Every structure is written in structure tokens, then in C-alpha cells.
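As C-alpha cells, the structure follows; a few thoughts come after it.
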Amino acid sequence: MKVYIEKSRACGTVKAPPAKSYAHRMLICSSLAESPGTIRGVYESEDVLASIDCCRALCADVRLSGDTAYVTPSGGSGGDLYCRESGSTLRFFIPVCLFLGEERVFRGSERLMERPLGVYRDICREKGLIFEKNKDSLRVGGRLTDIDMLIDGSVSSQFVTGLMLAAPLSGRVQRIRLSLPVVSRPYIEITRTVMERYGVKTEWEDECTIRIDGGPYRGTDAVVEGDWSNAAFLFALGLFGDVTVTGLDPDSVQGDRVCVKQLASLREGYAGIDITDCPDNGPVLMAAAAALHGARLKGTSRLRAKESDRGEAMAAELRKFGAEVTVFDDEIEIKSGIRRPDTALYGHNDHRVVMALSVLLTLTGGEIDGAEAVNKSYPGFFGDLERLGIGVGYEI
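Every position in the sequence shown, counted from 1, becomes a number in our numbering once 277 is added.
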């Protein structure tokens, strides 16, 4: 899909979409619980639908009605687990299958299967379990009963979350020992918050050891809170307009809520910003820096292993605006100054790249090919732009 965005100023009030980071975790905890539960505020993005499909195949009946999911734990419908392009879904469900002793095949896009899975591969090798990966599928099997090895904490917190979510299935206390540095700790805190809501206690015994009590999970009624990572694009629009964002918890444990301070620092002048614990904010910060006073982002190496190589993808598109961008191993330098692109932008099949570029196009006008990538996390994004007074046209 190609989207045309007119040069226009965003004004108005918009509600942040529900946080898929919470929805993934709630769906898994509820599906593994000993009793039914409901989850309100389930946003039907491609990633969340992937997790619902996997819950249905593996361990639960999940019925959607509007934005409410009614979850009844069960034996599941069986078959392969289709993850689409959701890294969270894949990384969260692998250890669930292993703790359940389920031999299953995961399927997804080639790009998804290219994303790092070494933490789980090493566990399976150590424990003598099945781990067979092809370009578009992964087969795992055997039963994992404990986590008694050192886990690399520097690759992605999604591995830690997957092991945490699955650990209560053992029925006894588990400890996850992590090597330092541990990246994206706020996402681990989201996992702890959700698990406790479903009756499983967790705690940090020290800076690199997490204790997880044995299950079971308890079914409950839960509400998904607003998504600070997607709200960052709405706040960025407010840098150049007058936008109020509602539906967010100011006391949330979501690390991406730092986007408000990060964007404010870009408005004040050239800024140095560390995104080690909030890599999803990278694309929108790059876009805002190009439009304002420039910036140097640190902790950017993990942008390579997202839906696209986000640092290089954003650099390529920002250069079409005339911006000067240099990508280093773990830093990115953006110098300010943009103009209307002479050619169409490309979304790189990455929702956050598309949304970041859309913010810039409200200043210059222009078009994006591959704009349907927003469906991964925020299918209502362009509708919200229109509600804020941005001119948007579509070519399917």
C-alpha cells in the first residue's frame, strides 16, 4: 500500500492504542492459567493476532468480541504455531512449548527466522532438546524442567521474558541467572507486573538473578494499558503541532515512556540520547532529530535485529530528505535539515520506520511505499493522523 501525506499541522486529541507488550504477556498467562479469564483492550494488530493464534493452537480457546478476549485454558487445537512476523510471539512461545514438553513447529517470515535465537539454541543443546531451524520454520521438542545455566542478558529481554513466562509450568521455584549487561530491563519489569497480576510472584535476588515462584497462574479479569512506544509517534507530531495524547499511565513501568523527555531534549537543541533500554524509540528520535537540531544516539546496535535493520533503514530514508546520517557500530549521528523528498520513501516492512517517516512527511509532504507495515502494531495509525487534521491519501 502506498500512502500520500500532505504537508499539514497535527492538532487535536488522540488516544494511545493498547500496549501489545502487555497483551502478549496477558494472553500467555491467561491461556496457561487454571481458570478462565478476560482481557479488555486487546488491539487486533498483526503481532497480537499472532499470539492469539499460537495460544489457540497450544493451550487455550480464545474468543474475541470487540476489544475483549475471553480466554479458556484447554489442550489447544494442535498443529503448527504461526508467528507471522512477531518476534515477541516466537521468543515467548518457544520456552512455553519446551516446559510443556510439546514438540511443535513454529512458522514465520524469513526475516523473523533471521532474528537472533541463539539463547534458546544454546539451552536446547545443553539440555539435549530439539532445536532445528530453517529459513521459514523452527522445530523444537523435548521437555525443559529447569533453567540452571547462565543466560546471555545482552541480546534481548524477550528471551528473559519467554523463560519467565514458562517457568511456573515447572511447578517449583526457578531462578534465571543473567550475564551482564542486561538490556531492556523495563520490559522485564512489564513481565514481572503481568505475572504477578496472574498470581505468580517474581523478584530480583540481585542485579542479575530473577526468582520465579512455581505456578499455577490464576485466571483473572485484566485490562491492557496504553502503549507508550506507539504513543511516541503521536508525541512527535506534537513537536510540530498541538497534540494531546490520552489513555496512558504516567506511572507505567514501560521504559518507552521516556520518549516524552527524549523528544523534549531534541526540541531544546542538539542532544545525546542513550536508547539501550528503549530501542523502539530509535526511529522516531532519528526522524525528530533530522527535523530539529540533530542528535547522537547511543546504544543503537540492537536496531539491526528488528523487523528491519532500523538504523540503516532510517538512514537511507532520511537521506532522501537531504539529511546527513552516519551509522556507527553502536551509535548513530543525525545532522539537522530536511526538505521534501524527490522520490517515494520505502517502509522496509517495518511499522516503526513507516510511522517515523510519516511524522516527517507532515512537515514536507510526500509518499511512502509499503505503508501497510503499520498493521503489525498500530493498524489505526493513519486514521488517527486524519483525525488530527493530517491529509492522508491511499493507493492499494
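Beta carbons are placed, not taken as given, at the ideal position from N, Cα and C, and that holds for glycine.
From a predicted model like this one, the values you see are computed outputs, not experimental measurements.
Through-space distance from Asp324 to Glu601, alpha-carbon basis: 33 Å
Own chain residues within Cβ distance below 6 Å of Arg420, not counting five before or after: Gly378
Expected contact under 8 Å - CB spacing of Asp661 and Val319 to nearest Å: 18 Å between Cβ atoms; not a contact.
Spatial distance of Lys478 from Phe658 (CA atoms): 36 Å
N- and C-terminal bounds of the beta strand (DSSP E) containing Arg335: The sequence shown places Leu at residue 335, rather than the Arg named in the question. Here Leu335 belongs to no beta strand (DSSP E); instead the alpha helix (DSSP H) covers Glu323 to Leu335.
Cβ neighbour criterion (16 or more within 10 Å) applied to Arg648: For the sequence presented, residue 648 should be read as Ala rather than Arg. Buried.
Assigned exposure category for Glu362 - 16 Cβ within 10 Å defines buried: buried
Cβ distance (whole Å) where Cys360 is taken to contact Arg388 below 8 Å: The pair is not a contact, with the Cβ atoms about 11 Å apart (cut-off 8 Å).
Distance between beta carbons of Cys336 and Leu309, contact taken as under 8 Å: 6 Å
Proximal residues to Pro463 (C-beta, below 7 Å), its chain only, five neighbours per side dropped: Val530, Gln531, Gly532 and Asp554
Start and end residues, alpha helix (DSSP H) containing Phe510: Trp505 to Leu516
Any non-hydrogen atom of the ligand NAD within 7 Å of Leu516 CB: The model on display carries no ligand, and the ligand NAD is accordingly not part of it.
Under 8 Å between C-beta atoms of Arg286 and Gly666: yes
Local Cβ density within 10 Å of Ala513, reported as buried at 16 or more and exposed below that: buried
Residue range of the unbroken beta strand (DSSP E) whose run includes Cys306: Careful: Cys306 lies outside any beta strand (DSSP E), inside the alpha helix (DSSP H) at Lys297 to Ser308.
Outcome for Arg579 when other beta-carbon atoms lying within 10 angstroms are tallied against a minimum of 16: buried
Beta strand (DSSP E) runs wholly inside the region 592-673, at least 3 long, in chain order: 601-604, 608-612, 643-646 and 669-672
Contact the region 488-507 vs the region 515-530: 3+ CB pairs below 8 Å: yes
C-alpha distance - Val631 paired with Asp399, whole-angstrom precision: 34 Å
Closest residue to Ser298 among Arg392, Leu326, Arg581 and Met278 (Cα-Cα distance): Leu326
Where Glu482 sits in the DSSP three-state scheme: strand
Straight-line Cα distance separating Thr315 from Glu274: As displayed, the chain neither begins before 278 nor continues past 673, which places residue 274 out of reach and without an answer.
Stretch-stretch touch, CB-based, cutoff 8 Å, three pairs: the region 577-596 with the region 535-543: no
Assigned secondary structure, Asp533 (DSSP; H/G/I helix, E/B strand, else coil): helix
Residues near Arg392 by beta carbon distance below 6 Å, same chain, minus five either side: Gly364 and Ala582
Reduced DSSP category for Asp557 - H, G, I as helix; E, B as strand; rest coil: helix
Nearest candidate by alpha-carbon position, reference Pro560, set Gly524, Leu516, Phe517 and Ala509: Ala509
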